[in-house]
Amino acid sequence: MHIVDGALSNPVVIAGTAMAIGGIAMGLKQLTLERIPATGILSASFFVAALIHVPIGPSSVHLVLNGLAGLILGWAAFPALFVGLLLQTVFFGFGGVTVIGVNLLNIAAPAVLAWLLFGRLVERGTPMSGAIWAGVGGAFSIAATTICVAFSLALTGDEFIPAAKLVLLAHIPVMVIEALLTGAAVYLVRQVRPDLFTAVKGVAP
Amino acid sequence: MSDRLTNPEKTLRIGPMMTMGHIPDLDPRMRIVLAALFAVVVISLSDLIALCLAVLVAVTLLPLSGLPAKRTFKRMAAMDGFIIFTLILLPFSVAGTPMFTFLGFDASWEGLRQAVEIALTANAVILALMCLVGSMEPVTMGHALHALRMPEQLVQLLMFTTRYIETLREEYMRLRAAMKMRGFRPGTNWHTYRSFGYLVGMMLVRALERSERVLGAMKCRGFMGRFVLLEQFRMTDRDWLFAALMTAASVFLLVVQFRHAFA
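Respectively, the protein sequence lines represent chains A and B.
Per our numbering, the very first residue in the first sequence carries number -9; after that it's consecutive.
Per our numbering, the very first residue in the second sequence carries number -15; after that it's consecutive.
As structure tokens, this is what we get:
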């Protein structure tokens, strides 16, 4: 879902970059010395998890898991996902240089939003109810990311609207899979290490 | 991207490089700045000749960068595969002189032109980025970004992430191997998705445990929140020459773009 260089108009790129920098600054505020190793290693695991291909019918999709990243990292999802995006762009050639801010915003803002909306519900209650809310958060963040991508394209010009609609439609199966996986992952974490949710970002809002 | 998980090849290259290119010898800070400059120049181009020349500049950088040409082009093709659907739709959604009609939809020349512009821009910028910046070690990139005043916490985060991606990928492959040994075969069913979910959850739990051990080890060695960055960057005559050439190429692209305005 990365946008490439040259596709967006300058105002969209500038506004997106400014908001992404704001998000990174918010994330860095909570990153004390003690939390940097955990954030960095979790960021590396999200990078690896995004390489996993999950079968769906005759095809397969790769995971995004930005909802899970938001639920675990809170605002630190911005710097953590930025680092992943930077490595992906520079070493694998995914995305673009001038649009890295917009791409980060489209992935990290839904992650933080999922945490603000569902964080408390995921961390409290029984592991099962936490897992269900995590599934809702996982589907929500993919839907929101897709809408953000569509919105950045639509802001640039009406000619992208058919493409934006197609992107949204194509991601419905991804939403279902992300919901199931995020739910299962949170269920396991709630059973094994419930403190994972507070290791990087403290208690839920 | 799945090939990167089954392939014995490492995800990110860490350690000394065995390359023959000239670009890896140049100042990393300058390479990052030049890649950003080139990107800004190229996205401001709309003239097709100027854009083709920009792609040519990027392709010229490839043999100098020492990157394996085949793999780099494969990665570019992967990016193109990503955007191809958006680009194919453009001729149909941009109004203008009709080119041909497909299933009742008119394709316009203006839309085709816009699609070609985006494709050329995206490829020129990403190829130049991979040649200039992707040809350095991730750790060097961290040091260079630090020298370019990126916030220190962000640099530390980058260092941790690059350091542990390979370790965690190996851990993932061990867990996958263990699943395979127990007869796990992925398919489109609840069992598969739950197992993958547990796999991700287990990776996160292990990541947290690993980070606790790492923090303990750092504390025991008296870590005070600052890494000593050993590399001292210096601009040599060769660096200045390369920077001048790249800047001249960028200015030339702008001249081609605005040649009608000057004439």
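Each residue gets a CB set at the ideal place from its N, CA and C atoms; glycine is no exception.
Give the residues from the region 32 to 65 of chain B that approach chain E closer than 7 Å (Cβ to any Cβ), ordered along the chain. Annotation note: the requested chain E is absent from the structure, which comprises protein chains A and B.
Residues bridged to S50(A) by DSSP? BP columns for S50(A) point to P45(A).
Element boundaries [beta strand (DSSP E), containing F84(B)]: Counting along the chain, the beta strand (DSSP E) containing F84(B) begins and ends at 82 to 86.
For A79(B), name the three-state secondary structure that DSSP assigns. Coil.
For a cutoff of 7 Å on Cβ pairs, would you count Q216(B) as touching chain A? Not one chain A Cβ lies under 7 Å of Q216(B).
I need the DSSP call for M(-15)(B), collapsed to helix, strand or coil. At M(-15)(B) the pLDDT is 42, less than 50, meaning the model places this residue with poor confidence; the figure from the coordinates comes in the next sentence. Looking at M(-15)(B) - three-state DSSP - the assignment turns out to be coil, as it is neither helix nor strand.
According to the neighbour-count rule (16 or more other Cβ atoms, all chains shown, within 10 Å of its Cβ), is D11(B) buried or exposed? Buried, because 16 or more other Cβ atoms sit within 10 Å of the Cβ of D11(B).
Please return the same chain residues whose Cβ sits closer than 7 Å to the Cβ of L238(B), not counting the five positions on each side in sequence. Leaving aside the five residues that flank L238(B) on each side, the residues in its chain whose CB is nearer than 7 Å to its CB run, in chain order, V25.
Starting from the beta carbon of Q137(B), find every residue of chain A whose beta carbon is closer than 8 Å, and list them in chain order. In chain order: L18, L21, I26, P69.
Range of the contiguous alpha helix (DSSP H) that encloses D223(B): That run of the alpha helix (DSSP H) goes 221 to 241.
Using the beta-carbon of each residue, which ones in chain B are nearer than 7 Å to V183(A)? Note on residue identity: the sequence assigns Arg, not Val, to residue 183(A). Neighbours of R183(A) on chain B, chain order: V189, L192.
Under 7 Å between C-beta atoms, does I110(B) make it to chain A? Yes, I110(B) lies at the interface with chain A (some Cβ there is under 7 Å from its Cβ).
Output needed for L(-11)(B): all residues of its chain with C-beta closer than 6 Å, excluding positions within five of it in sequence on either side, in chain order. Caution applies to L(-11)(B), whose pLDDT of 43 falls short of 50 and renders its modelled position unreliable; the model cannot decide the point.
When you compare the CB of E121(B) with every CB in chain A, is at least one pair closer than 7 Å? By this cut-off, E121(B) is not an interface position.
Is E168(A) close to chain B, meaning its C-beta is less than 7 Å from at least one C-beta of that chain? With its beta carbon at least 7 Å from every one in chain B, E168(A) lies outside the interface.
Within-7 Å CB hit, T136(A) to chain B: Under the Cβ criterion of 7 Å, T136(A) is not counted among the residues facing chain B.
State the Cα-Cα distance for the pair T231(B) and R15(B), rounded to the nearest angstrom. If I take the Cα positions, the gap works out to 12 Å.
Expected contact under 8 Å - CB spacing of V80(A) and V117(B) to nearest Å: Indeed, because the Cβ distance is near 5 Å, the residues count as touching under 8 Å.
State the Cα-Cα distance for the pair S195(B) and M187(B), rounded to the nearest angstrom. S195(B) and M187(B): Cα-Cα distance of roughly 12 Å.
Between the C-alpha atoms of G171(B) and P48(A), what's the straight-line distance to the nearest angstrom? One C-alpha to the other measures close to 9 Å.
For D90(B), the three-state DSSP class (helix, strand or coil): When DSSP states are grouped into helix, strand and coil, D90(B) belongs to the strand group.
Helix, strand or coil for R169(B) per DSSP? Looking at R169(B) - three-state DSSP - the assignment turns out to be coil, as it is neither helix nor strand.
Suppose you measure from the CA of L71(B) to the CA of V43(B); what does that come to, to the nearest Å? Each residue's Cα considered, the two are about 22 Å apart.
Would DSSP call N184(A) helix, strand or coil? The question names Asn, yet the displayed sequence has Pro at residue 184(A). Correct three-state label for P184(A): coil.
Should S77(B) be flagged as near chain A, meaning a C-beta pair shorter than 7 Å? So yes, S77(B) belongs to the interface.
List the endpoints of the continuous alpha helix (DSSP H) containing K19(A). Per DSSP, K19(A) belongs to the alpha helix (DSSP H) from 0 to 19.
Between A99(B) and the rest of its own chain, which residues show a CB-CB distance below 7 Å, the 5 nearest in sequence each way excluded? Correct list, in chain order: L71, L74, P75.
Does DSSP classify L55(A) as helix, strand or coil? Coil.
Could you give the distance in angstroms between the alpha-carbon of D64(B) and the alpha-carbon of L113(B)? Those two C-alpha atoms are separated by around 16 Å.
Let me know if S212(A) comes out buried or exposed under the rule of 16 or more other beta-carbons within 10 Å of its beta-carbon. This structure cannot settle anything about residue 212(A), because the visible part of chain A is limited to -9 through 195.
At which residues does the alpha helix (DSSP H) containing S119(A) begin and terminate? Here the alpha helix (DSSP H) through S119(A) covers 117 to 146.
Looking at the secondary structure, which residues open and close the alpha helix (DSSP H) in which M14(B) lies? For M14(B), the enclosing alpha helix (DSSP H) begins and ends at 12 to 27.
Residues of its chain near G95(B), where Cβ-Cβ distance is below 7 Å and the 5 sequence neighbours each way are ignored: Answer for G95(B): L74, P75, F76, S77, V78, G80, listed in chain order.
Taking C-alpha atoms, which residue in H244(B), G126(B), S234(B) lies nearest to L37(B)? Here the closest residue by C-alpha is S234(B).
What residues from chain A crowd round M14(B), counting only those whose CB sits closer than 7 Å? Result: empty, since nearest Cβ-Cβ is about 15 Å, beyond 7 Å.
Candidates P47(B), I110(B), N173(B), of which the one nearest L77(A) by Cα: The residue with the shortest Cα to Cα distance from L77(A) is I110(B).
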